[in-house]
Amino acid sequence: MNATMERLAKMTEAEYTPFIRVLFGLSSPAPVPVDLASDSEVGNIEWVDPTLNDSQKDAIRFALASEEIALIHGPPGTGKTHTLIELILQFLKRNLRVLVCGPSNISVDNIVERLAPHKVPLIRLGHPARLLPSVLNHSLDVLTRTSEAGAIVRDVRAEMDAKQASIRKTRNGRERRAIYADLKELRKEYRERERRCVASLVAGSKVVLATLHGAGGFQLRGEQFDVVVIDEASQALEAQCWVPLLAAKKAVCAGDHLQLPPTIKSLNLKSKTASTNASGGKKGKKDTKTTTTTPTETPSPKPTTSLETTLFDRLLTLHGPSLKRMLTTQYRMHASIMDFPSTTLYKSQLIAAPSVASRLLTSLPYPVEATDDTTEPLVFIDTQGGDFPEKNEDEETGEGGKGKKLTKGGLYGESKSNEMEAALVKAHVRRLVKAGVRPEDVAVVTPYNAQLAILAPLKETFPGIELGSVDGFQGREKEAVIVSLVRSNPDGEVGFLGEKRRLNVAMTRPKRSLTVIGDSETVKKGSKFLKDWMEFLEEHADLRYPDLASLAGDDDA
1 MNATMERLAK MTEAEYTPFI RVLFGLSSPA PVPVDLASDS EVGNIEWVDP TLNDSQKDAI
61 RFALASEEIA LIHGPPGTGK THTLIELILQ FLKRNLRVLV CGPSNISVDN IVERLAPHKV
121 PLIRLGHPAR LLPSVLNHSL DVLTRTSEAG AIVRDVRAEM DAKQASIRKT RNGRERRAIY
181 ADLKELRKEY RERERRCVAS LVAGSKVVLA TLHGAGGFQL RGEQFDVVVI DEASQALEAQ
241 CWVPLLAAKK AVCAGDHLQL PPTIKSLNLK SKTASTNASG GKKGKKDTKT TTTTPTETPS
301 PKPTTSLETT LFDRLLTLHG PSLKRMLTTQ YRMHASIMDF PSTTLYKSQL IAAPSVASRL
361 LTSLPYPVEA TDDTTEPLVF IDTQGGDFPE KNEDEETGEG GKGKKLTKGG LYGESKSNEM
421 EAALVKAHVR RLVKAGVRPE DVAVVTPYNA QLAILAPLKE TFPGIELGSV DGFQGREKEA
481 VIVSLVRSNP DGEVGFLGEK RRLNVAMTRP KRSLTVIGDS ETVKKGSKFL KDWMEFLEEH
541 ADLRYPDLAS LAGDDDA
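Listed below in structure tokens is the structure:
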């Protein structure tokens with residue numbers, strides 16, 4: 001990343017391509033026809049997958065018609081990767097060379113797995129140990145060994161091994177020196193042949209896939225591409241994105257800027273409020289990682305740039321929504337679960353596909369008993385009243401003063417937990433499993449590490465159940481999800497629970513059942529978004545008020 005930034009810094013304006021000028025905001029993007037469906041260039045497309053919905057087709061047409069940059073906004077469950085696969089295949093039909101990148105190995109492997117059945121010539125760069133077993137056959141490492149050019153490399157390697165073995169048998173000094181001289185030449189030939197083998201494989205491939213960092217490796221040095229496709233662009237640092245961008249003439253970035261941004265270990269402290277978001281950690285900081293920030297005593301009054309601003313965000317701010325197309329049909333959530341995020345974050349544009357709009361736990365492909373818990377898609381267990389108080393882990397460990405952040409070394413630092421709320425989670429899981437829901441179809445997510453520690457015994461009782469942080473669950477889905485909000489205090493402090501992108505991730509993971517457990521009195525005070533959410537749940541969810549006596553009864557059961 002540093003090398004790429006230095007390269008950009010040294011570039012003179014005369015070296016900027018029209019593509020780079022648009023990315024820097026020095027030029028406006030070339031206009032795209034308004035009615036793409038009837039456009040002569042992209043209107044009459046022969047789709048590889050004719051089942052694509054209208055918003056997916058529109059996004060693909062827009063990406064094909066854009067000259068410099070196109071953003072594909074894919075809210076949860078809208079088939080973003082599915083859309084990208086079709087787009088890549090359409091680029092190939094136009095004889096364009098494509099570089100496909102993502103911020104993580106898993107995001108890239110996911111695309112390789114879906115592209116492979118289409119029998120397109122592709123190469124996956126990256127260390128074999130970090131790749132999924134299913135994509136290894138497409139890795140450069142394996143292809144180098146199995147190609148014709150690779151056979152010659154293997155012959156040279158075998159000759160080197162034979163020479164190496166003969167040294168051990170030779171006692172004559174002159175003979176040894178002669179063998180060493182031969183070995184030196186063979187090593188040089190081996191490196192040269194291997195380099196040529198890699199270069200010919202990469203040059204002959206129409207689709208190259210790598211992580212954003214991997215695109216800066218020696219294998220792609222000097223290579224040029226017609227277009228770079230970046231998946232999960234809203235979870236990638238902008239500096240990462242520039243590594244492949246400098247090798248292309250056009251880019252398509254796909255992601256959802258309304259979900260969590262990349263994790264930044266050292267955020268620039270923009271204000272006193274940001275640096276002392278007292279109770280739950282800094283905005284955008286993950287409770288589940290050692291992303292600690294030491295507040296400065298006197299924060300700078302000037303706003304400073306943060307690495308948290310992604311390329312996706314910056315381009316939207318720079319050029320406006322005309323640069324973006326949104327996928328609007330979601331194939332994950334029951335319509336009741338989708339309602340609130342769609343209304344508040346996605347301008348009511350999300351539509352639940354008919355196949356998912358009304359499906360419940362009782363319609364799983366195995367028998368599930370109809371109970372209050374399995375026939376309601378949206379349940380809110382409201383713990384208001386002060387009987388379920390949160391606990392600061394420092395109170396138990398006795399370590400660290402107020403405002404002091406501890407890393408993993410100091411247990412859970414200022415992470416919060418709520419034992420009574422954890423008991424409600426356990427009781428709800430028990431009822432779901434008793435009704436017939438398989439533990440592997442259930443997930444419990446919470447923003448706080450300390451709460452996860454209290455919930456850990458669930459894994460022993462119900463092997464297969466998944467427990468995770470909200471941040472770690474981004475991009476995942478389960479049939480039933482229970483969200484434990486944890487926060488319950490008289491001051492209405494919610495800490496980083498107030499980050500709407502974190503909540504968006506939490507509430508959009510389930511397919512058929514979402515159960516939210518929390519104290520509406522405390523949570524309502526956190527922000528307008530939280531107040532709206534609590535009021536929505538009170539009005540539209542199956543609302544329940546637990547009492548300690550019934551909880552004790554549940555525990556006995």
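So for the sequence shown, the UniProt record's numbering puts the first residue at 1; every next one is plus one. Beta carbons are placed, not taken as given, at the ideal position from N, Cα and C, and that holds for glycine. What you are looking at is a predicted structure, and each value in this text was computed from that prediction instead of being measured.
Own chain, CB closer than 8 Å to residue i, minus 5 neighbours either side, in chain order
i: E232; result: G102, P103, S104, S107, A254, G255, G475
i: L452; result: T288, T446, L467, G468, S469
i: Q90; result: I45, V48, I60, L64
i: V198; result: L140, T144, Q219
i: L92; result: V98, V120, K206, V207
CB of residue i within 7 Å of CB of residue j, strictly
i: A353; j: T329; result: yes
i: L311; j: E223; result: no
i: V100; j: V229; result: yes
i: A215; j: V243; result: yes
i: L122; j: V207; result: yes
i: V483; j: K416; result: no
i: D226; j: L96; result: yes
i: L87; j: A63; result: yes
i: T375; j: V368; result: no
i: K324; j: F19; result: no
i: A517; j: E421; result: Checking the sequence, you will find Ile at residue 517 rather than Ala. Taking 7 Å as the Cβ cut-off, I517 and E421 qualify as a contacting pair.
i: E414; j: S488; result: no
Minimum C-alpha distance to residue i - residue among the options
i: residue 586; options: G79, Y448, S234, A14; result: Any question about residue 586 goes unanswered here, given that the chain covers just 1 to 557.
i: L125; options: N95, F218, R21; result: F218
i: L497; options: P133, R512, N44, K525; result: K525
i: L84; options: L115, K93, E67, I69; result: L115
i: T344; options: E460, D387, E535; result: E535
i: G204; options: L71, F24, R502, L143; result: L143
i: F529; options: D519, R501, K119; result: R501
i: R94; options: H73, N53, E41, P463; result: E41
i: T317; options: I465, G25, L245; result: G25
i: L307; options: L131, P262, T4, K347; result: P262
i: D109; options: T81, A423, H73, V98; result: T81
i: D387; options: L424, L360, L201; result: L424
i: N2; options: Y448, Q240, P439; result: Q240
i: V429; options: E159, I465, T17; result: I465
Own chain, CB closer than 6 Å to residue i, minus 5 neighbours either side, in chain order
i: R544; result: I381
i: L514; result: I337, L378, V481
i: G468; result: V445
i: Q164; result: none
i: F473; result: V445, R509
i: G436; result: P367, V368, E369
i: E67; result: A30
Coarse secondary structure for residue i, derived from DSSP in three states
i: E539; result: helix
i: D231; result: coil
i: A158; result: helix
i: S484; result: strand
i: D58; result: helix
i: A239; result: helix
i: F312; result: helix
i: N392; result: strand
i: L4; result: The amino acid occupying residue 4 in the given sequence is Thr; Leu does not appear at that position. DSSP places T4 in helix when its eight states are reduced to three.
i: R438; result: coil
i: T144; result: helix
i: K402; result: Confidence is the limiting factor: at K402 the pLDDT is only 37, short of 50, which leaves the residue's position unreliable, though a coordinate-based value still follows. Reduced to three states, the DSSP call for K402 is coil.
i: E192; result: helix
i: V470; result: coil
i: I179; result: helix
i: G222; result: coil
i: E41; result: coil
i: T293; result: Reliability fails at T293, whose pLDDT of 35 lies under 50, so the model's placement of it is uncertain and no value is given.
i: E15; result: helix
i: F209; result: The displayed chain sequence assigns Leu, not Phe, to residue 209. Three-state DSSP puts L209 in a strand.
i: T383; result: coil
i: R521; result: It should be noted that the sequence gives Glu, not Arg, for residue 521. Reduced to three states, the DSSP call for E521 is helix.
Neighbourhood of residue i by C-beta distance below 7 Å, restricted to the same chain and skipping five residues each side
i: T170; result: R176, I179
i: I167; result: R176, I179
i: V156; result: L186, E189, Y190, R193
i: M333; result: G77, A352, V356, T508, P510, K511
i: K426; result: L458
i: L136; result: P128, V142
i: L8; result: W242
i: L131; result: N105, D109, R124, S139
Residue i: CB within 6 Å of a non-hydrogen atom of the ligand NAD
i: H213; result: Questions concerning the ligand NAD fall outside what the structure shown contains, since it holds no ligand whatsoever.
(request) With a floor of 3 residues, list each beta strand (DSSP E) that falls wholly inside the stretch 61–131, ordered by position along the chain. (result) 69–73, 98–102, 122–124
(request) Within the stretch 310–364, note down every full alpha helix (DSSP H) run reaching 4 residues or more, in order along the chain. (result) 311–319, 335–345
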